[in-house]
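Participant: Before I ask anything, let me first share the structure, which is written out below as structure tokens.
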Amino acid sequence: MSRTFRFAPSPNGELHLGHAYSALLNGDLAREAGGRLLIRIEDIDVTRCRPEFEAAILDDLAWLGLDWERPVRRQSEHFDAYAEALDRLKAMDLVYPSFLSRAEIRAATASPDWPRDPDGAPLYPGGDRDLPAREADARIASGAPYAWRLKMDAAMAKAGPLAFAEQGRGPAGETGRVTAEPGRWGDVVIARREIPTSYHLSVVVDDALQGITDVVRGEDLFHAASVHRLLQALLDLPEPAYRHHGLIRDAAGRKLSKSEGSTGLRVLRDAGATPAEIRALVGL
13 MSRTFRFAPS
23 PNGELHLGHA
33 YSALLNGDLA
43 REAGGRLLIR
53 IEDIDVTRCR
63 PEFEAAILDD
73 LAWLGLDWER
83 PVRRQSEHFD
93 AYAEALDRLK
103 AMDLVYPSFL
113 SRAEIRAATA
123 SPDWPRDPDG
133 APLYPGGDRD
143 LPAREADARI
153 ASGAPYAWRL
163 KMDAAMAKAG
173 PLAFAEQGRG
183 PAGETGRVTA
193 EPGRWGDVVI
203 ARREIPTSYH
213 LSVVVDDALQ
223 GITDVVRGED
233 LFHAASVHRL
243 LQALLDLPEP
253 AYRHHGLIRD
263 AAGRKLSKSE
273 GSTGLRVLRD
283 AGATPAEIRA
293 LVGL
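Below you can see the structure in the form of structure tokens.
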């Protein structure tokens, strides 16, 4: 079976050197394996994602010399597929509607001893997890904001022990067959009221539907692989191999970020940089 790789940017800003590294690495690995390279536009955040950013991303990738299969998959065009997966989790009684606001969550988790997920966010305090179905339905019908969260303990019990194949290295040097630890995320958000999905749900559904065999992405997503492996097991989806790579960092050692205003690839292009120079900058 042909190996299939993907680069999956979100069109909520311009690409920076970190994106260029990941995209080029995926392209190099696909070519060396005689496999396929796909581009997926992860635009479920319809309030922040914009067509002009998508157009600029695809232009930058072509300028870098990447060649990928068409058509490009846009997540915003496939909400029905994610809703179907969410319905399967509902049918297994593995999700629940959570109603606490961000302010209520902050207040409930203010203690410095409150457990936190791998990204540093406090675990969801619950409280509405065991609401009677009639009360939860009434709150949803009233228009109350809510998110669908995974019943992590029940989901882990149903799936049993899990592991994933790490062909690179995690932040602490993890490699080989790595034990999945989804419980570190607590009752993670799976979907929202206005959008029937989340990053975690859409990415595992897309990887399965697109036949992705190799997920190559930054080490900042290493711990998310545990949640993804859990969802794959619950939804009977195939397990890809993972390769988490190091991050391109700025002079202060911080990872590059759109939200922090890291220098965009377009700025470097406009200043006269060539694709070969970009490769050299990112160490390829």
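One point on numbering: in my numbering, the residue at position 143 of the sequence shown is 155, and numbering is uninterrupted. Quick reminder that beta carbons are idealized off the backbone N, C-alpha and C, glycines included. Predicted model only: the values in this text are computed from it and were never measured.
1) R161 to D105, Cα distance in whole Å?
2) Give the DSSP-derived three-state secondary structure of E289 in the structure shown.
3) Which partner residues of G198 appear in the DSSP bridge assignment?
4) If you follow the alpha helix (DSSP H) that I69 is part of, which residue opens it and which one closes it?
5) Could you pull out every residue in the same chain whose Cβ sits closer than 7 angstroms to the Cβ of G284, ignoring the five residues on either side in sequence?
6) Can you list, in chain order, the residues of its chain whose CB lies under 7 angstroms from that of I69, leaving out five sequence neighbours each side?
7) Going by beta carbon distance, what residues of the same chain come within less than 7 angstroms of D219, once the five residues before and after it are set aside?
8) Are A166 and L242 closer than 7 angstroms when you measure CB to CB?
9) Tell me whether the beta-carbon of V217 lies closer than 7 angstroms to the beta-carbon of A93.
10) For the stretch 203-281, which segments carrying the alpha helix (DSSP H) assignment without a break, of at least 4 residues, lie completely within its bounds, in sequence order?
11) Taking DSSP's pairing of strands, which residues face T191 in a bridge?
12) Where do the N-terminal and C-terminal ends of the beta strand (DSSP E) with A159 fall, by residue?
13) Start and end of the alpha helix (DSSP H) containing E314?
14) Does the separation of the CB atoms of A42 and F19 fall below 7 angstroms?
15) Give a yes or no on whether the C-beta atoms belonging to L135 and G198 are separated by under 7 angstroms.
16) Can you say whether R255 is buried or exposed, counting buried as having 16 or more other CB atoms within 10 angstroms of its CB?
17) Closest by CA to A7, which one among P173, E178, R204?
18) If you check the beta carbons only, do I53 and I207 fall under 7 angstroms apart?
19) Can you tell me where the beta strand (DSSP E) with E81 in it begins and where it stops?
20) Using DSSP with H/G/I as helix, E/B as strand and the rest coil, what is F19?
21) When the Cα atoms are used, what is the spatial distance from D79 to N38?
22) Pairs of beta-carbons, one from the stretch 118-132 and one from the stretch 171-180, closer than 8 angstroms: are there three or more?
23) With DSSP as the reference, identify every bridge partner of S110, one or two as the case may be.
Facilitator: To lay it out plainly:
1) Looking at the two C-alpha atoms, the distance is approximately 11 angstroms.
2) Reduced to three states, the DSSP call for E289 is helix.
3) Per DSSP, G198 has no beta bridge partner at all.
4) In the DSSP assignment, I69 falls within the alpha helix (DSSP H) that extends over 63-75.
5) Setting aside the 5 residues that flank it on each side, G284 has no residue in the same chain whose C-beta is closer than 7 angstroms to its C-beta.
6) Excluding residues within five positions, the ones whose Cβ falls inside 7 angstroms are P21, P23, L27.
7) Within the same chain, V227, P252 come within 7 angstroms of D219 by CB-CB distance, once the 5 residues on both sides are set aside.
8) No, the Cβ-Cβ distance between A166 and L242 is not below 7 angstroms.
9) Cβ atoms of V217 and A93: closer than 7 angstroms.
10) The stretch 203-281 contains these whole alpha helix (DSSP H) runs: 211-221, 236-246.
11) In the DSSP output, where bridge partners are listed per residue, T191 has A175.
12) Boundaries of the beta strand (DSSP E) harbouring A159: 159-162, taken from the DSSP string.
13) The shown model of the chain, from 13 to 296, leaves out residue 314, and the question about it has no answer.
14) Result no, Cβ atoms of A42 and F19 do not sit closer than 7 angstroms.
15) Cβ distance < 7 angstroms, so L135 and G198 count as in contact.
16) By the neighbour-count rule (16 or more Cβ atoms within 10 Å), R255 is buried.
17) Here the chain covers residues 13 to 296 and nothing more, so residue 7 does not appear.
18) Cβ distance not < 7 angstroms, so I53 and I207 don't count as in contact.
19) Counting along the chain, the unbroken beta strand (DSSP E) around E81 starts and ends at 81-86.
20) Reduced to three states, the DSSP call for F19 is strand.
21) Approximately 11 angstroms, taken between the alpha carbons.
22) Output reads no: the stretch 171-180 does not touch the stretch 118-132.
23) DSSP lists A159 as partners of S110.
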